[in-house]
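Novice:
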Amino acid sequence: MSIQESALHLPWYRSLSRDQWKVLVASNLGWTFDGFEIFALFLTVGFALRQLLDATQYAAIPEYAGYILAATVFGWAT
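Once you know that position 64 of the sequence shown is 63 in numbering that gives the first Met the number 0, the rest is easy, because the numbers rise by one and skip nothing.
Here it is in structure tokens:
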């Protein structure tokens with residue numbers, strides 16, 4: 000088996016340099032923290048809106064929460 004043939008059978012991650020691994024890890028962490036951000040927002044948006052809105056507006060909390068979450072997801076696309 001030649002060197003070229005054995006290189007073809009290596010997994011993709013075996014050919015990455017140290018700098019490429021750093022970029023891969025950094026981008027993965029960024030993606031993970033971005034997902035955590037929307038999850039934390041999803042958990043806390045109702046409580047925050049209850050603190051900010053008057054009691055007469057509590058029925059609109061799901062609508063406002065939807066706007067906030069949609070704006071966050073729209074921010075990901077830009």
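Note that CB positions come from ideal geometry on N, CA and C, so glycine has one too.
Keep in mind the model is a prediction, meaning the values are calculated, not measured.
#1: Can Leu48 and Tyr66 be called in contact, C-beta distance under 7 Å?
#2: Taking contact to mean at least 3 C-beta pairs separated by less than 8 Å, is the stretch 66-75 in contact with the stretch 30-48?
#3: Measure the C-alpha to C-alpha separation of Trp75 and Trp30 and round it to an integer number of angstroms.
#4: Using the Cα positions of Pro10 and Leu40, report the straight-line distance between them to the nearest angstrom.
Specialist: Taking the geometry as given:
#1: Sequence index remark: in the sequence shown, residue 48 carries index 49 (1-based). Sequence index remark: in the sequence shown, residue 66 carries index 67 (1-based). Not a contact, by the Cβ cut-off of 7 Å.
#2: yes
#3: In the sequence shown, residue 75 corresponds to position 76, counting from 1. In the sequence shown, residue 30 corresponds to position 31, counting from 1. Their Cα atoms are separated by approximately 11 Å.
#4: The residue you call residue 10 lines up with position 11 of the sequence shown. The residue you call residue 40 lines up with position 41 of the sequence shown. Between Pro10 and Leu40, the C-alpha separation is close to 38 Å.
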